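Numbering (my numbering), first residue to last: -9 to 183.
Printed below as a string of structure tokens:
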């Protein structure tokens, strides 16, 4: 059973004793990784945009809850600590959207470093936002009708597919290696971030 993305169909294919002639191999023999990497560089930014959507949905659910739920005779939204919690969620969500928009401008010329940074950072931060929503909703957060538990399951998967976030971090260094190696020999590093 799937943890998240339950609305997305998944099936297993098994091939036994299948022969594929060289002329039918897509991209040519021993060229699979190059084709796979190019596909991942293109598909990582849409995964990051999914994470931005999950962060936004969780923030909207948290705000709705804070406006409806009362503590001490007044809605939670009137308490400063709740306001600060929501403000952080809004800021994180806006930052995620910004990196997605920034990298989407170059989506037709994908580069591993850009796509990987966007994917791992957006999905990591989106999970933090969703966890903040769960914290705010407390014991209500796990209830199906609040929808935040579904958002959590879905955002968690964005950190896994299109390469785990740890693989994406290594992809950043792999793509940046030519720039990093000369810095290792210098005493003061200016990595141009």
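No residue lacks a Cβ here, since even glycine has one placed at the ideal position from N, Cα and C. Since we're looking at a predicted model, the values are computed, not measured.
For residue i, which residues of its own chain have a beta-carbon under 6 Å away from its beta-carbon, when the five flanking residues on both sides are left out?
i	result
residue 25	17
Buried or exposed: residue i, going by 16 or more other Cβ atoms within 10 Å of its Cβ?
i	result
residue 48	buried
residue 144	buried
residue 19	exposed
residue 3	exposed
residue 8	exposed
residue 132	exposed
residue 64	exposed
residue 77	exposed
Just curious, the alpha helix (DSSP H) that residue i is in, first and last residue?
i	result
residue 36	22 to 58
residue 146	138 to 148
residue 110	102 to 127
residue 85	70 to 94
Using a Cβ-Cβ cut-off of 7 Å (strictly less than) and excluding sequence neighbours within five positions of residue i, which residues of its own chain qualify?
i	result
residue 119	45, 48, 49, 79, 82, 83
What residue from the options has the CA that sits closest to residue i's CA?
i	options	result
residue 111	86, 9, 165	86
residue 163	127, 43, 102	102
residue 141	52, 99, 152, 96	52
Within the same chain, show all residues whose beta-carbon is closer than 8 Å to that of residue i, passing over the 5 residues directly before and after it, in chain order.
i	result
residue 94	35, 39
residue 12	19
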